Each structure stands twice: as structure tokens, then as C-alpha cells.
Amino acid sequence: MVRNHSVHSSRVHRANSASRSTRLAGHSTHRTGAAHGNAAVHSRKYGRRAQGRIPMKPLPVPNENQVPKDDSELVAPPKYRRGSMRIVALGGLGEIGRNMNTIEYNGHLLLIDCGVLFPDSQQPGVDLILPDFSYIRPRLNKVDALVLTHGHEDHIGAVPYLLRERPDIPLYGSSLTLAFVQAKCEEFGIKPICHVVDDKDTAKVGPFNLEFISVTHSIPDALAVAVSTPAGRLIDTGDFKIDPLPIDHRITDLREFAKQGEKGVDLLMADSTNAEIKGFVKPESSITPALDHAFATARRKIIVASFSSHVHRVQQVVDVAHKYGRKVVFVGRSMVRNMGIAADLGFLKLPEDTVVDLRDAQKIPDTQLVYMCTGSQGEPLAALGRIANGNHPTIQVNEFDTVILASSLIPGNESEVYRVINQLTSLGAQVINRDNAAIHVSGHADEGELLYLYNIVQPKNAMPIHGESRHQVANGLIAIKTGVDPQNVVLARDGDVVDLYQGKAAIVGSVPCHYVYVDGSSVGELTDEELEKRKILGTEGFVSSFVVVDTRINKVVKGPRIFLNAVAEDEEEFAAVRDNVTDTLERAMQDGTTDTGRLQQVMRRTLGSWIARELHRRPMIVPVVTDLAVKSKK
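If you're matching positions, the sequence shown starts at 1 in full-length UniProt numbering and goes up one per residue.
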């Protein structure tokens, strides 16, 4: 049955319910990994080839010396072989974030997820990192659909950037996921074409038959997707866990996964995030006692920080707040937007008169308030960061306040998060986090759940996704334990080209796949070299030096003048190097060096060597040489 279904405000249609032995450019390359003898496991580092045995223990450490310096060293994939399914990850492999997979069959493309990666402290000034669309850009007109597994930013955050290049790509996903996407697209002036699907729905887009499977995650309405073509059947789990007591009573549909296994699954692409962790992840409801205790013992206002899309966590906060007679205030643009959408669609249950506006909260005593805000990762411009810094216009932290960080700690954000914790503590707040209370559980499957999934699906091939290298390796070893042939475990990285042909999956080559940086309104213009310059400026400082020479007489006639920024407190420290610069430049001119560009290099090397030796720093150095002889010729 087909029916129109409106999700928030856009054009929406309802979908029909219903070894590593790899041939590279003609050469056979055998790579061996371990488990049960000389197991073969596919491996790659950042789109480049890496060889070596992969033992069961310890996990392998990628050899950076084997990483090519540029794309010219990548092994190009062979021409697409008709009748195969070709899978290329444009993000999400070897990293946590910017998840995006492409599936090709006979000239048609299907995309699964399109997310962002958030920058760390080594990427100053970067707002977001996008998947690299260059592989699909020449064939965007061949894209039949974009399937979205759930509404987290690392799976949907880059959708508006893709739709700017082709706005009419049909989107398939659950109602909550597509509502979040539409809200994001509105900010870009884009009205996406959305097809809402439910659990067990099916859809046919081009040659791809899609079947949607309910999974539990830390956000409601998450889906796995089974994709079938004449070349075979694969399953992309998206992010999932097996929670026997989910907050919304929507469980991971193991029966449907088992049915897929009975049909025959050629390739399982499973979430790797927690593959190293033994056992089973705790249910979301297990944090309720710790949350209840925090509310019961709170003396003044409560501030809770979590991801703005973690509807299940917010639901628990709302329920406990209602129990203790506290009003809930949503703080932060994305928190207000997402919780409004979730409430409108019925995914967030709000007891009457529980939620109040931030302005109205000023009239309510602190002992009756809970602020539910963004900023759980220490982001300085998010709500909690501004509160901790004393920069929030409305909310201030006082002695005896309680602050709860109810989220995971994303690797790379440790210093920012603990900085915020220290700031809040110094203001007199009691800070509760996963270090001192059972206030968070993961939304990703642990080893036990992955073992269970592999056993019921029984795939011929396994390609671990969504994780860093160590997570993928652990996931691959789990697959081997459950009977997957070690030759059929594919450990790919972003840009690897994986062909599924006649029941066998193998990496056949690689395509360029780079970080695409969003810096304000600039997309893709910031290079790694420019980013490195920013890091140097931020950590080592800046030196500029100006000198006037006359190459007709091989003399320095003015300067050098040296200007410093964050290099030394006293510019007089550089008095000793001025004579050195003058002598070196004059000797270079006497030896026949008269080109100003070459003279600038001489000055840079002289200054750099002296600063490294005397001050033990390596700042950015900008030398400027003006030649009077050149001016006189003009």
C-alpha cells in the first residue's frame, strides 16, 4: 500500500510496505591474519595498502611507513565487472564518524548513510569533516536512492552537502530520521524527497531490493537494511545493540535477521564500535537508578548534558524529573529542535506541564528545575561549555548545583570534557559522569551481541564497518569464531573497492578518499597543509622578518626587522640573530645568489635554526626580502 506521509514539512512519500586473497591490477596478493592458523584478513590503512600477519592477540598496529605519500601510489580498481556488487566506503572505516557506503550494480548506485566526523583538537578552525564525494560525483545521476539507518549526525550530518550537488536524490528512512534530516536541510534551503519506511517494509529502487529491519540503538526508529540484487544479498546493520529492555519497547528484530540468514546472506556489514568489549552491553534502562539517586540527592538546580539526538536518554531525564516535581528546560539550538521533533512524532513522551521555556524558567526556583542541554563533549560554544565558562546569558552555576554528563566520551575529546568538569567543580557544582556513577550505557553491540548476530545470520563474507582499525579487526575475529571463512573477512578502509562476485567478497583496488573540511562557509577548500600551518601558529607562534638588500653591491642596506607573535616574551632575545641573518645573506649574495625567493629561503633557514637551537621552538616563519637593484631596473 502506498500513501503520502508528511514528516515535518517536506515532500514525503511512503515506500511500499510489503585471504586475504585479492587481485590487484592483475596480480595476486596473499595476506595472512590469524585465528585458527594462518587466517587471511583484508587490511588497509587510509586508502593505502598494508601487509602483514594479523594475529589473534595482540591486535595489529598499522605501519605508517607503508602508507603512500599521495594518491598516485593507490592501486586503481579494475573496470566494474557486470553481475557483481561493488561496495566502496567514502567514510566510516578506520574512524568513528562520517559513515557512508556506496553500492554499485550494473551502473546503478545505492548510498547508505551520509554522516559527518567532528574535528578534534588537532584540526583547529574546522567545523565538520565530510565524506569524500569525488568517487560518486561524476555519476550522481546514477544514484537511485540514499538510505539512512538512523538520525545521528555521524550518519545524516552530511546529507545537505550531498543534496546541494543533486537535490532530487530520493531519501529512504524512518519517520524520525527523515524529520531530523528535513530540519537540517531547511537551514540550507533544500526540500528533500523523502520516503518513510517502517520495520519490515520493503522497497525497490532501480535494481536494488531493500528490506528494513528494526534495531535498537541510542536513538529511536533505527533500522538495518538488507540489499538484494541478482549478484547477492548484503546487510548493513547501521548502529545497533541487542537491548532486552529498550525504553521504547522496540527491540532488535532477531527473528528477521534469522530469516535473512535462511535466505542466504553473502555479506554482513556489522557495527564494530564495541567489538573489543566482552559480554553484552547493559540496557538503557540500567542507568535509571543512578539518575534517580542524583535527582533525589540534588540540593539545587540540575543540569544534564547529553547528545541532542539521544531521545531515550532525554526520556529518562524527563520521567525522573516528573517524579521529583522538577520542570525540564531544553537548552541549545539542536536540543530544542530535536526534542520538539521527537515530541511531535510521539517518540518523546512529555507529561503535561513538565517542560517550560528558558525564559519562563527564570521565575521558577532552582530546586524545581532541570536544564537538559547540549555540550557533553566539552564543546566551548555548546550550552554546557558556555555555562562552565560563565558566558551563558541565562544560566549560571552556583554552589550545590548538580551537573550530570550523561553520555559517552568520544576519543579525542578527553581534554575538553575534563576542562569543563574542572571548571564546573571550581564553581561549586557536584559533577556526575561515567567515571563516578553508572550514568551512561553504550548504544553499540558488545562482543556477545555480535557473536549472536553472526550465528543467526551466518554470512558467507564479513566486512566490519563503523569503527577504528582495532574495532574492525576485533569484529573480523568474531566473524571467524562463528564460522566465517577467514579468507572471506574483509578489513577495508575508506576508499577501498570491494567486489562481491559469485559469493566471494574481496578488495580489488582503492580510490582517493580524503577528509573534506567544512570551515565556516568554505567546503573542501581547506587542505591538510593549511591545517598544519594553523597548528603551528597555534602551538609554536609566528615570526616575520623584513630586510632590504642591494644585490649590486651584495649588501644588506636595511634591517633585518623581526616581528614576533607568541614566540618569545622579549624581542631583544632576537638581537643576537640579526647580525647572523645579515652575515648569511651577504655571503649568499657574494656566492651568486641574487634571486629574492632564494634569499628568503636563506633567511628562513637561518632564523629557524637559531630559534630551534636557542628557544627550542619551530614557529611559522615568513621572510620578506626586497632588492633595491630590482626596484631600480623598474
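Note that beta-carbon positions come from the ideal geometry of N, C-alpha and C, so glycine has one too.
In this text, all values refer to a predicted model and were calculated from it rather than measured experimentally.
Distance from the CA of A506 to the CA of A462, rounded to the nearest whole angstrom, comes to 10 Å. No residue range can be given for L74, since it is assigned to no beta strand (DSSP E) and is classified by DSSP as neither H nor E. In the DSSP assignment, F307 falls outside any beta strand (DSSP E) and carries neither an H nor an E. Pairing L130 with G428, the inter-Cα distance amounts to about 39 Å.
Between the beta-carbon of S407 and that of H310 there is about 7 Å, and that keeps the pair under the 8 Å contact cut. When A76, E104, A89 are compared, the shortest CA-CA separation from G97 is found for A89. Here P289 carries a helix assignment [DSSP, helix/strand/coil]. With respect to G91, M100 sits close: the two C-beta atoms are nearer than 7 Å. Here T425 has V431 as same chain residues with Cβ atoms under 6 Å from its own Cβ, once five neighbours each way along the sequence are excluded. The criterion of a C-beta distance shorter than 7 Å is not satisfied by M269 and D243.
Within 10 angstroms of the beta-carbon of K142 lie fewer than 16 other beta-carbons, which makes it exposed. One Cα belongs to V497, the other to V75, and the distance between them is close to 10 Å.
Residue range 430 to 432 is occupied by the beta strand (DSSP E) that includes I432, with no alpha helix (DSSP H) assigned at that position.
An exposed status is given to H249, since fewer than 16 other beta-carbon atoms sit within 10 Å of its beta-carbon. Scanning its chain for C-beta atoms nearer than 6 Å, with the 5 sequence neighbours on each side dropped, one finds no residue around K481.
The C-beta of E352 has fewer than 16 other C-beta atoms within 10 Å across all chains shown, which makes the residue exposed. Taking C-alpha positions only, G375 is separated from A305 by approximately 6 Å. For E276, same chain residues with a beta-carbon under 7 Å away, outside a window of 5 residues either side, are R470, H471, A474 in chain order. Remark: C-beta atoms of S308 and N274 do not approach each other more closely than 7 Å.
In the DSSP assignment, A438 falls outside any alpha helix (DSSP H) and carries neither an H nor an E. Inclusion of I303 and K327 in the CB contact set at 7 Å is not warranted, their separation being larger than that value.
A residue is called buried once 16 or more other Cβ atoms fall within 10 Å of its Cβ, and I219 is buried on that count. Taking the CA atoms as reference points, F118 sits about 27 Å from K278. The beta-bridge partner set that DSSP reports for T551 is empty. For I112, there is no enclosing alpha helix (DSSP H); the enclosing beta strand (DSSP E) covers residues 108 to 112. With fewer than 16 other CB atoms across the displayed protein chains lying within 10 angstroms of its CB, A576 is exposed. When the alpha-carbon of D494 is set against those of F542, G476, E468, the nearest one is in E468. As the crow flies, the alpha-carbon of V331 is around 39 Å from that of Y452. Nearest in C-alpha terms to L405, of all of A321, K558, N433, is N433. Look at the segment 230 to 269 and you find these whole runs of alpha helix (DSSP H), each 4 residues long or longer: 254 to 263. Excluding residues up to 5 positions away in sequence, V556 lie with their Cβ nearer than 6 Å to the Cβ of T582 in the same chain.
Scanning the segment 321 to 382 for uninterrupted beta strand (DSSP E) segments of 3 residues or longer gives 327 to 331, 369 to 373, listed from N- to C-terminal end. Counting C-beta pairs closer than 8 Å gives three or more between the segment 435 to 446 and the segment 283 to 291, which meets the contact rule.
For T102, the enclosing beta strand (DSSP E) has its first and last residue at 100 to 105. Q316 is positioned such that its CB atom lies closer than 7 Å to that of L291. Around the beta carbon of P289, fewer than 16 other beta carbons lie within 10 angstroms, which makes this residue exposed.
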